[in-house]
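Visitor: Here it is, the structure in full.
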Amino acid sequence: METAAPGAAAQDGSPPAGLMTVGEIAERVALSHRTVRYYDDEGLLPARRSPGNYRLYGEDALAKMLTIRRLKPLGFTLDEMREVLALLDAVSAEGAAGPDHEERLQQLAALEVDVRRRRDKLVEQLQGADDLLASLAPLLPGGGA
DNA sequence: ATTCTCACA
DNA sequence: TGTGAGTA
């Protein structure tokens with residue numbers, strides 16, 4: 005019977021080489037399975053395929069998916085996320101080898117500046133929310149206590 | 001459970 | 001940039 009799941013994932017929770025299906029990785033990174041699928045379709049985070057054409061994700065993909073999840077609320081577009089993942093990949097894979105290592109470090113520094121800037125913007129929005137809550141409090145029942 | 005396509009915002 | 005529905 006080949007109605008179970010992917011290449012080897014039976015119902016005993018023992019997928020091949022610790023690989024996950026869309027539903028599994030989606031749950032683990034708290035993204036909808038539709039979104040994970042979308043990222044695969046868009047080539048942001050390509051999935052491997054089981055013999056039955058089911059998407060399979062390894063620990064490596066899980067790590068990248070988590071990075072994507074962190075980039076998302078910062079407002080990075082899919083294209084920007086693609087660049088970030090590529091940069092991170094290049095940097096970790098090439099160590100201090102590649103001829104363009106210098107440029108990589110420069111891009112990494114630029115990324116840090118960018119992330120910091122977006123972070124600051126979020127802090128401002130958070131402050132705005134806090135201010136709003138503070139203005140609502142005294143209007144609520146018992147708020148003037 | 002997962003696949004894909006198409007529509008809708 | 002996603003999501004919901006319908007399908008196999």
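For the first sequence, the working numbering assigns the number 5 to the initial residue and increments by one for each residue that follows. Using N, Cα and C, we set each Cβ at its ideal position, and we do this for glycine too.
1. Between the segment 110 to 119 and the segment 89 to 98, do three or more beta carbon pairs fall short of 8 Å?
2. Give the secondary structure of L130 by DSSP, where H, G and I count as helix, E and B as strand, and everything else as coil.
3. Alpha carbon to alpha carbon, how far is K125 from H37? Give it in angstroms, no decimals.
4. Exposed or buried, what is R32 when buried is set at 16 or more other beta-carbons lying within 10 Å of its beta-carbon?
5. Are the segment 68 to 82 and the segment 44 to 57 touching, with three or more C-beta to C-beta distances below 8 Å?
6. Taking M24 as part of the alpha helix (DSSP H), name the residues at either end of that continuous run.
Guide: Taking the coordinates as given:
1. Yes, the segment 110 to 119 touches the segment 89 to 98.
2. helix
3. 29 Å
4. exposed
5. yes
6. In the DSSP assignment, M24 falls outside any alpha helix (DSSP H), carrying neither H nor E.
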